[in-house]
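Peer 1: Here it is, the structure in full.
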Amino acid sequence: MEFLTMGSWERDFFQFFGFMIRLYIWFLGITFKGIAWSAQALWKGSRWLYEQFKDWQALRSEKVVGPKGKLPDRHHRDVWDYRGLETVRDLLHLTYTPGASIKLGQAIDANGRDGQKLGLPLDLIPQHILLIGPPKKGKTTRFIVPWIKELIAVQSVFAIDAKGNLRREFGLDKYAELTGARFFNWNLSDPESQRWNFFEEISIDPVERHKDIAVVAKALLGEKLPGEQGVFWERDLSWLEGILWLLVETEPLPKPSQILPTILDRAAAKVRLSFLKAEIKRNCENLLSDYLKICDADFYKATFVLRNKLKFFDRPDVSRICDGRSDFRLQDFNKPGLRMFALIGQPEAEEETGKQMAQLIAGIFNNLMLRRYAFGLSGEPVAFIADEAHALQQTVDFPKSAAILRAAGVGLCLSTQSISQFNTNEKPNQGSLIAGLCATTICLPGVDVETAEFLSKSFGDRPDPSTSVGRSIGSRSHGISGSDRTAILSVREIRDRPADLEKTAIIQVRSGACTRPFLTRY
Numbered sequence: 114m115e116f117l118t119m120g121s122w123e124r125d126f127f128q129f130f131g132f133m134i135r136l137y138i139w140f141l142g143i144t145f146k147g148i149a150w151s152a153q154a155l156w157k158g159s160r161w162l163y164e165q166f167k168d169w170q171a172l173r174s175e176k177v178v179g180p181k182g183k184l185p186d187r188h189h190r191d192v193w194d195y196r197g198l199e200t201v202r203d204l205l206h207l208t209y210t211p212g213a214s215i216k217l218g219q220a221i222d223a224n225g226r227d228g229q230k231l232g233l234p235l236d237l238i239p240q241h242i243l244l245i246g247p248p249k250k251g252k253t254t255r256f257i258v259p260w261i262k263e264l265i266a267v268q269s270v271f272a273i274d275a276k277g278n279l280r281r282e283f284g285l286d287k288y289a290e291l292t293g294a295r296f297f298n299w300n301l302s303d304p305e306s307q308r309w310n311f312f313e314e315i316s317i318d319p320v321e322r323h324k325d326i327a328v329v330a331k332a333l334l335g336e337k338l339p340g341e342q343g344v345f346w347e348r349d350l351s352w353l354e355g356i357l358w359l360l361v362e363t364e365p366l367p368k369p370s371q372i373l374p375t376i377l378d379r380a381a382a383k384v385r386l387s388f389l390k391a392e393i394k395r396n397c398e399n400l401l402s403d404y405l406k407i408c409d410a411d412f413y414k415a416t417f418v419l420r421n422k423l424k425f426f427d428r429p430d431v432s433r434i435c436d437g438r439s440d441f442r443l444q445d446f447n448k449p450g451l452r453m454f455a456l457i458g459q460p461e462a463e464e465e466t467g468k469q470m471a472q473l474i475a476g477i478f479n480n481l482m483l484r485r486y487a488f489g490l491s492g493e494p495v496a497f498i499a500d501e502a503h504a505l506q507q508t509v510d511f512p513k514s515a516a517i518l519r520a521a522g523v524g525l526c527l528s529t530q531s532i533s534q535f536n537t538n539e540k541p542n543q544g545s546l547i548a549g550l551c552a553t554t555i556c557l558p559g560v561d562v563e564t565a566e567f568l569s570k571s572f573g574d575r576p577d578p579s580t581s582v583g584r585s586i587g588s589r590s591h592g593i594s595g596s597d598r599t600a601i602l603s604v605r606e607i608r609d610r611p612a613d614l615e616k617t618a619i620i621q622v623r624s625g626a627c628t629r630p631f632l633t634r635y
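For the sequence shown, the positions run 114 to 635 when the working numbering is used.
What follows is the structure in structure tokens.
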């Protein structure tokens with residue numbers, strides 16, 4: 114058998130061909146490695162650029178951290194920490210029900226996602242509400258007016274209108290008519306105001322009569338002015354109380370316009386004294402002791418303040434709505450089955466006079482509601498809504514009245530610009546005391562630092578695992594476990610809001626399933 118043999122040139126050819134194939138494969142390997150390395154380098158570079166961009170973007174943006182969230186590991190321009198708030202799903206028990214609750218707004222989480230509509234159940238209103246916010250933030254238009262419209266359909270409402278414009282601007286009298294509530298309107302600047310003579314509200318009970326007359330006297334005299342000597346203010350108050358007693362005991366229906374003429378006519382006052390029963394006479398003589406003894410030369414000067422405070426009753430527009438038989442009686446609020454709505458205007462154009470009369474009416478109403486509990490009267494549930502409530506403190510002692518009003522089924526809804534507005538020289542902590550008595554607190558953006566500091570403390574604190582956050586561009590943080598405690602909301606988060614939460618209220622309802630604050634869009 115003959116074997117085929119390969120020549121040298123053929124053997125060299127195949128060796129060369131094999132070498133070329135190996136070289137080609139090696140070259141491909143080098144190329145793929147280069148591509149892989151290039152791709153890896155490109156990927157790492159892209160990631161680096163991406164991280165730089167994210168850090169740059171974070172520096173220009175704000176970050177809002179909500180419940181169950183974590184603090185960011187980048188240095189943002191602004192970080193808002195709302196981790197201590199209730200989650201939307203935990204607020205189902207406050208879901209708004211028409212006729213059974215009043216609107217609180219739309220539940221919203223810290224990232225701006227809306228939840229269900231929320232409402233405060235009617236049975237929580239007697240535990241009192243405090244609404245805090247600066248001017249033009251929506252206290253009246255977004256809360257007070259909607260509350261009034263809802264409440265007058267199911268219960269009685271007594272409301273102080275701080276500007277005196279609610280009836281005309283919002284047609285609240287029409288709403289009352291539609292709901293069947295009996296509407297009363299008293300307003301110095303409203304030509305359609307009804308007549309109300311406060312003398313008709315003074316109790317016939319001897320003890321309660323003392324309280325009513327004291328309220329009227331304090332309201333008409335007003336607060337002691339800075340720099341005013343207390344002894345003269347006390348003297349004027351005593352004289353005014355004594356004259357009111359004289360009129361109540363000697364006139365079948367006194368008129369407010371009679372108060373100043375009676376003060377100035379001491380001879381007639383002495384005649385009135387002679388007609389009084391012995392015990393009442395002694396009381397009046399004690400109150401009018403200096404009044405009866407002062408010489409004529411000093412009398413005119415001594416009555417200067419009283420003349421200035423009471424001369425407004427001589428105005429025809431005032432006597433028209435104050436003298437004579439009343440068109441409505443606040444005492445009717447204590448009649449069962451009678452749903453009432455009284456709107457008391459405190460017009461800006463009548464700053465001093467409006468404040469005097471608002472204090473007077475609020476003080477009389479407060480006494481009537483306290484009497485409801487003391488005498489076991491059974492009127493309809495009442496919401497006592499007071500815009501700029503701090504202005505009523507001369508005649509309404511909110512801390513003293515709150516517990517009794519709650520037991521009587523009367524809910525205070527107090528609106529103010531700042532907790533500090535309730536404070537006085539004699540009672541520097543009055544604001545925090547009143548806030549502590551209100552189970553529901555509603556805080557709008559822009560409140561002052563003092564209010565925010567108080568609320569931050571009252572909201573309480575929470576456990577917070579601390580985290581160190583990198584502050585240089587491109588840096589990453591490392592979590593540090595800890596058991597630190599921090600405020601549920603800091604002062605800044607209470608005072609201000611991020612852009613997406615600009616029109617939101619911070620609300621706390623210290624009753625029921627949740628007690629931590631939450632956000633609503635109003």
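No residue lacks a Cβ here, since even glycine has one placed at the ideal position from N, Cα and C. Predicted, not measured: the structure shown is a model, and the values here were computed from it.
1) Out of 200, 412, 627, 624, which has the shortest C-alpha to C-alpha gap to residue 377?
2) With distances taken from CA atoms, which of 343, 424, 142 is nearest residue 539?
3) Report the residue from 241, 226, 390 whose alpha carbon sits nearest the alpha carbon of residue 546.
4) Tell me where the alpha helix (DSSP H) around residue 535 begins and ends.
5) Please classify residue 593: does DSSP put it in a helix, a strand, or coil?
6) Cutting at 7 Å between CB atoms, please list the residues of its own chain near residue 624, excluding the five before and the five after it.
7) What is the DSSP secondary structure of residue 361, counted as helix, strand or coil?
8) Put residue 621 into one of helix, strand or coil per three-state DSSP.
9) When the Cα of residue 549 is compared with those of 233, 205, 516, which residue comes out closest?
10) What residue from 463, 468, 520 has the CA that sits closest to residue 489's CA?
11) Here's a check: name, in chain order, each residue in its chain whose Cβ is nearer than 6 Å to the Cβ of residue 369, leaving out the five neighbours to either side.
12) Spatial neighbours of residue 606 within its chain, please: C-beta separation below 7 Å, excluding the five flanking residues on both sides.
13) For residue 458, which of helix, strand or coil comes out of DSSP?
14) How about residue 367 and residue 312: are their beta carbons less than 7 Å apart?
15) State buried or exposed for residue 513, treating a residue as buried only when at least 16 other CB atoms are found within 10 Å of its CB.
16) In angstroms, rounded to a whole number, what distance separates the CA positions of residue 471 and residue 457?
17) What whole-angstrom Cβ distance do residue 350 and residue 334 have, given they're in contact under 8 Å?
18) Please report the straight-line C-alpha distance between residue 619 and residue 612, rounded to a whole angstrom.
19) Taking residue 395 as part of the alpha helix (DSSP H), name the residues at either end of that continuous run.
20) Across which residues does DSSP place residue 299 in a beta bridge pair?
21) For residue 129 and residue 138, what's the separation of their Cα atoms in angstroms?
22) Under the rule that 16 or more other beta-carbon atoms within 10 Å means buried, what is residue 420, buried or exposed?
Peer 2: Reading it off the structure:
1) 412
2) 343
3) 241
4) No alpha helix (DSSP H) contains residue 535, which DSSP labels as neither H nor E.
5) In this prediction, residue 593 has a pLDDT of 46, which is less than 50 and means its spatial position is unreliable; nothing more can be read from the coordinates.
6) 237, 240, 552
7) helix
8) strand
9) 516
10) Here the closest residue by C-alpha is 520.
11) 426, 435
12) 193, 194, 195
13) DSSP places residue 458 in the strand class (E or B) of the three-state scheme.
14) yes
15) exposed
16) Each residue's Cα considered, the two are about 7 Å apart.
17) Correct: roughly 5 Å between the Cβ atoms.
18) 15 Å
19) Judged by DSSP secondary structure, residue 395 falls within the alpha helix (DSSP H) whose first and last residues are 391 to 400.
20) 457
21) 14 Å
22) exposed
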